[in-house]
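Chemist: From first to last, the protein sequence lines stand for chains Z and L.
Using numbering that gives the first Met the number 0, the first residue of the first sequence is number 0, and each one after it goes up by one.
Using numbering that gives the first Met the number 0, the first residue of the second sequence is number 0, and each one after it goes up by one.
Questions regarding the structure given below will be posed in turn.
2 protein chains.
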Amino acid sequence: MDITMIEAAAERLNGHARRTPLLSSPRLDDLAGRRVLVKAECLQHTGSFKFRGGWSALSALDPQTRARGVLAYSSGNHAQGVAAAARAFGAPAVIVMPSDAPKPKIENTRALGAEVVLYDRGREAREEIGDRLASERGLTLIKPYDELQVIAGQGTCGLEIAAQAAEKGVERADVLVCCGGGGLTAGIALALEARAPGLRVRPVEPEGYDDTARSLAAGVRLGNATEAGGLCDAILTPMPGALTFPITSRLCASGLVVSDDEVLRAMALAFAHLKVVAEPGGAVALAAALFHGEALAGDTVVATISGGNVTPEVFARALALLG
Amino acid sequence: MDITMIEAAAERLNGHARRTPLLSSPRLDDLAGRRVLVKAECLQHTGSFKFRGGWSALSALDPQTRARGVLAYSSGNHAQGVAAAARAFGAPAVIVMPSDAPKPKIENTRALGAEVVLYDRGREAREEIGDRLASERGLTLIKPYDELQVIAGQGTCGLEIAAQAAEKGVERADVLVCCGGGGLTAGIALALEARAPGLRVRPVEPEGYDDTARSLAAGVRLGNATEAGGLCDAILTPMPGALTFPITSRLCASGLVVSDDEVLRAMALAFAHLKVVAEPGGAVALAAALFHGEALAGDTVVATISGGNVTPEVFARALALLG
Numbered sequence: 000m001d002i003t004m005i006e007a008a009a010e011r012l013n014g015h016a017r018r019t020p021l022l023s024s025p026r027l028d029d030l031a032g033r034r035v036l037v038k039a040e041c042l043q044h045t046g047s048f049k050f051r052g053g054w055s056a057l058s059a060l061d062p063q064t065r066a067r068g069v070l071a072y073s074s075g076n077h078a079q080g081v082a083a084a085a086r087a088f089g090a091p092a093v094i095v096m097p098s099d100a101p102k103p104k105i106e107n108t109r110a111l112g113a114e115v116v117l118y119d120r121g122r123e124a125r126e127e128i129g130d131r132l133a134s135e136r137g138l139t140l141i142k143p144y145d146e147l148q149v150i151a152g153q154g155t156c157g158l159e160i161a162a163q164a165a166e167k168g169v170e171r172a173d174v175l176v177c178c179g180g181g182g183l184t185a186g187i188a189l190a191l192e193a194r195a196p197g198l199r200v201r202p203v204e205p206e207g208y209d210d211t212a213r214s215l216a217a218g219v220r221l222g223n224a225t226e227a228g229g230l231c232d233a234i235l236t237p238m239p240g241a242l243t244f245p246i247t248s249r250l251c252a253s254g255l256v257v258s259d260d261e262v263l264r265a266m267a268l269a270f271a272h273l274k275v276v277a278e279p280g281g282a283v284a285l286a287a288a289l290f291h292g293e294a295l296a297g298d299t300v301v302a303t304i305s306g307g308n309v310t311p312e313v314f315a316r317a318l319a320l321l322g
Numbered sequence: 000m001d002i003t004m005i006e007a008a009a010e011r012l013n014g015h016a017r018r019t020p021l022l023s024s025p026r027l028d029d030l031a032g033r034r035v036l037v038k039a040e041c042l043q044h045t046g047s048f049k050f051r052g053g054w055s056a057l058s059a060l061d062p063q064t065r066a067r068g069v070l071a072y073s074s075g076n077h078a079q080g081v082a083a084a085a086r087a088f089g090a091p092a093v094i095v096m097p098s099d100a101p102k103p104k105i106e107n108t109r110a111l112g113a114e115v116v117l118y119d120r121g122r123e124a125r126e127e128i129g130d131r132l133a134s135e136r137g138l139t140l141i142k143p144y145d146e147l148q149v150i151a152g153q154g155t156c157g158l159e160i161a162a163q164a165a166e167k168g169v170e171r172a173d174v175l176v177c178c179g180g181g182g183l184t185a186g187i188a189l190a191l192e193a194r195a196p197g198l199r200v201r202p203v204e205p206e207g208y209d210d211t212a213r214s215l216a217a218g219v220r221l222g223n224a225t226e227a228g229g230l231c232d233a234i235l236t237p238m239p240g241a242l243t244f245p246i247t248s249r250l251c252a253s254g255l256v257v258s259d260d261e262v263l264r265a266m267a268l269a270f271a272h273l274k275v276v277a278e279p280g281g282a283v284a285l286a287a288a289l290f291h292g293e294a295l296a297g298d299t300v301v302a303t304i305s306g307g308n309v310t311p312e313v314f315a316r317a318l319a320l321l322g
């Protein structure tokens, strides 16, 4: 796949997805020791970039296939992205979610009209459940990242970053991307390769779930010891995708790894200085920008906030760090 | 003053102020029983619309006058707006703030390079302190709302609302504006009169500080019993402005009044469904859109979130209402 698929996805998303703002604050610049530009995808429809991939995939289906319905497995953000797109197209959506997914994500997915099927993240494989339901009901499976049209949809975020960085005169910078299976990372990397080759993507992951960082270093896909229980639920995936890894390994520089404490502090600083709500998995890139400056190059860094679907309880933990 | 001053201010703000997004969420639409479009000025530089007025006023000064410095009195948001604009122009800024202003507002104003002078809101009149300091030091006073170039700057928010509503096909709606002294309300009303006459401004205030609602009803400027101690610090002013009230009384429909509990619930819902941080005074309009639907006309309502500069403690009180 290449930039033409992303451009085609951008055409289909035009008027449906939001062009999210590139935010900044002098206080964050001071903290980071360089200019920090924040791509606020938490302000996207459904509260995360996943709406882009969901809309891209649904809009690429032929109408008859789409009308039979779609299925997704997701810890919550992909679920909402697919459910919202399906509702707009009048298509049924079945979503397979882990039973420990944050309650607001489950509730929001149901509120978007989707049927939610819960499973035990520690004992069952969501891929198996998804495949079975899809074949039983004639649904089309929309995978969360290992799906070309999903990667193309997430890549539209990269087209916007390229344009917004150019508007600010930024030609060279590290672009930090919150990384789970690698759909957003691969999509942005492809877009920047074509549109802003001086911008270099660096995936960011939480400690203990740094499969992409280790895989990039090793040159082969490596898994995590577990995908359950971490703070950053949105980006806990078993290993880099079969479709995404060849893209990220070709285009991305080394990955960065942040601690849960750094994630919570980044959430608090986004609250205080950007006035946006970041969820833990959506705050890893900002955490790297603020607290791992020694690993970055240049006088400007771009960080994605990939989502904002967080429980009040977890957000309160982050707020408690301010003071 | 009229639309030409607002258009001129928009020219001067171009490339400096953000065009803030008009957000929405199907969950809020469901709650309100109509479509809710939210103008997120909390995402403006310095976390509130006040940057518009500050920049407008500073940029309208002749360079020699500006270089001598400016003075503002403010509970915090105007302070930051003026301080940020002054720093960009390389001009000194002195800000007179009440000693009970939220700590982040005081800290952020100092971080923007301004000199902060604190006063006792219950015992001293900020106007007197401001006038004295201005004459002693040769500073130009930038009033928070009763100043033509400040109203013109706030009016640029109304130009954006007119354009963004048109993009969404909205021709008729109530536009709810968080109202203190009336600078934002008057500015938006003037912009909409010229650009979107089907959009009608309604000021929104907190209980106990509803001077504008009562003044509009009476046809003369009436004051509040107190301006100290309320939750909605950003919009607690003694009475409608001498310059703003003739504009709001000519152009606005009746005012709305919301309770502190409604304000906190609106903040929580903006967190959950829009992923933005609203401060209490910035959430009154959304509170009216969500909880006072019986007082509104039409199938769409526009609500401003005028600012997001809130302490973690107050925000945690709002979060605690989710559950």
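Each residue gets a CB set at the ideal place from its N, CA and C atoms; glycine is no exception.
Source: prediction; values computed, not measured.
Applying the criterion that 16 or more other CB atoms from any shown protein chain within 10 Å of the CB defines a buried residue, is Z/S55 buried or exposed?
Modeler: Buried, by the Cβ-count rule.
Chemist: Please state whether DSSP places L/E126 in a helix, a strand or coil.
Modeler: Three-state result, L/E126: helix.
Chemist: Could you name the residues of the same chain whose beta carbon sits closer than 6 Å to that of L/A59, not counting the 5 residues immediately before and after it, in chain order?
Modeler: Only Q148 meet the Cβ criterion.
Chemist: Between the stretch 35-46 of chain L and chain Z, which residues of the former have a C-beta closer than 7 Å to a C-beta of the latter?
Modeler: Listed in sequence order: C41, L42 and G46.
Chemist: Is there a Cβ of chain Z sitting closer than 8 Å to that of L/A113, yes or no?
Modeler: Chain Z contact via Cβ: absent.
Chemist: Tell me the DSSP bridge mates of Z/A188?
Modeler: Its beta-bridge partners do not exist; DSSP assigns none.
Chemist: Along the chain, where does the alpha helix (DSSP H) containing L/V219 start, and where does it finish?
Modeler: Element bounds for L/V219: n/a, residue is neither H nor E.
Chemist: Please go through the stretch 85-131 of chain L and give each complete beta strand (DSSP E) segment of 3 or more residues, from N-terminal end onward.
Modeler: Qualifying beta strand (DSSP E) stretches, in chain order: 92-97 and 114-118.
Chemist: If you follow the beta strand (DSSP E) that Z/K49 is in, where does it begin and where does it stop?
Modeler: Z/K49 -> not in any beta strand (DSSP E); alpha helix (DSSP H) instead, spanning K49 to A59.
Chemist: Could you check where the beta strand (DSSP E) with L/C156 kicks off and where it finishes?
Modeler: Segment L147 to E166 is the alpha helix (DSSP H) holding L/C156; no beta strand (DSSP E) there.
Chemist: Could you tell me the boundaries of the alpha helix (DSSP H) in which L/T327 lies?
Modeler: Lying before the first or after the last residue shown, residue 327 of chain L is absent from chain L, which here runs from 0 to 322.
Chemist: Specify the secondary structure class of Z/D209 as computed by DSSP and reduced to three states.
Modeler: In this structure, Z/D209 counts as coil in the three-state DSSP scheme.
Chemist: Strictly by DSSP, which residues pair up with Z/C177?
Modeler: Paired residue(s): Z/V203.
Chemist: Quick check: Z/F50 and Z/A7, are their CB atoms within less than 8 Å of each other?
Modeler: Result no, Cβ atoms of Z/F50 and Z/A7 do not sit closer than 8 Å.
Chemist: Would L/Q63 be called buried (16 or more neighbouring beta carbons within 10 Å of its own) or exposed?
Modeler: Label assigned to L/Q63: exposed.
Chemist: Would you verify that the beta carbon of Z/R51 is, or is not, closer than 8 Å to some beta carbon of chain L?
Modeler: Answer no: the Cβ-Cβ gap between Z/R51 and chain L never drops below 8 Å.
Chemist: In whole angstroms, give me the CA-to-CA distance for L/S73 and L/T19.
Modeler: The straight-line gap from Cα to Cα measures roughly 23 Å.
Chemist: Does the beta carbon of L/V95 sit closer than 8 Å to a beta carbon anywhere in chain Z?
Modeler: Judged by the 8 Å Cβ criterion, L/V95 is not in contact with chain Z.
Chemist: Grab me the residues of L/D119's own chain with a C-beta within less than 8 Å of its C-beta, minus the 5 sequence neighbours each way, in chain order.
Modeler: Excluding positions up to five away in sequence, the list reads P97 and S98.
Chemist: May I ask you to list, following chain order, the residues of the stretch 264-283 of chain Z that have a beta carbon less than 7 Å from some beta carbon of chain L?
Modeler: Residues F270, A271, K274, V275 and V276.
Chemist: Are the C-beta of Z/G292 and some C-beta of chain L separated by less than 8 Å?
Modeler: Judged by the 8 Å Cβ criterion, Z/G292 is not in contact with chain L.
Chemist: Applying a beta-carbon distance threshold of less than 9 Å, which residues of chain Z neighbour L/F48?
Modeler: In chain order: nothing, as chain Z lies at least about 12 Å away.
Chemist: Is there a Cβ from chain Z that is less than 8 Å from the Cβ of L/L183?
Modeler: Not an interface residue.
Chemist: If the cut is a Cβ gap below 8 Å, which residues of chain L does Z/F314 touch?
Modeler: Those are F270 and L318, listed as they occur along chain L.
Chemist: Check whether chain L comes within 8 Å of Z/G75, counting only Cβ atoms and requiring the distance to be less than that.
Modeler: So, not an interface residue.
Chemist: Does L/G307 come within less than 8 Å of chain Z when only Cβ atoms are used?
Modeler: With 8 Å as the cut-off, L/G307 counts as an interface residue toward chain Z.
Chemist: Whose C-alpha, out of Z/I234, Z/G89, Z/V35 and Z/G292, is nearest the C-alpha of Z/K167?
Modeler: The shortest Cα separation from Z/K167 among Z/I234, Z/G89, Z/V35 and Z/G292 belongs to Z/V35.
Chemist: Can you give me the start and stop residues for the alpha helix (DSSP H) that L/V262 sits inside?
Modeler: Note, L/V262: alpha helix (DSSP H), D259 to H272.
Chemist: Can Z/K38 and Z/L21 be called in contact, C-beta distance under 8 Å?
Modeler: Taking 8 Å as the Cβ cut-off, Z/K38 and Z/L21 qualify as a contacting pair.
Chemist: Any contact between the stretch 218-231 of chain Z and the stretch 152-170 of chain Z? By contact I mean 3 or more CB pairs, one from each, below 8 Å.
Modeler: Short answer: they don't touch.
Chemist: For a minimum of 4 consecutive residues, which ranges assigned as the alpha helix (DSSP H) are wholly contained in the stretch 269-310 of chain Z?
Modeler: Runs found: 279-290.
Chemist: Mind checking which residues open and close the alpha helix (DSSP H) that includes Z/A7?
Modeler: First-last of the alpha helix (DSSP H) with Z/A7: I2 to L12.
Chemist: Cβ of L/A110 less than 8 Å from any chain Z Cβ?
Modeler: Chain Z, which has a Cβ nearer than 8 Å to the Cβ of L/A110, makes this yes.
Chemist: Quick check on Z/R199: buried or exposed, where buried means 16 or more other Cβ atoms within 10 Å of its Cβ?
Modeler: Z/R199 comes out buried.
Chemist: For L/T139, which residues does DSSP report across the bridge?
Modeler: Paired residue(s): L/V69.
Chemist: Of all Cβ atoms in chain L, is any one closer than 8 Å to the Cβ of Z/P20?
Modeler: Yes, Z/P20 counts as interfacial toward chain L.
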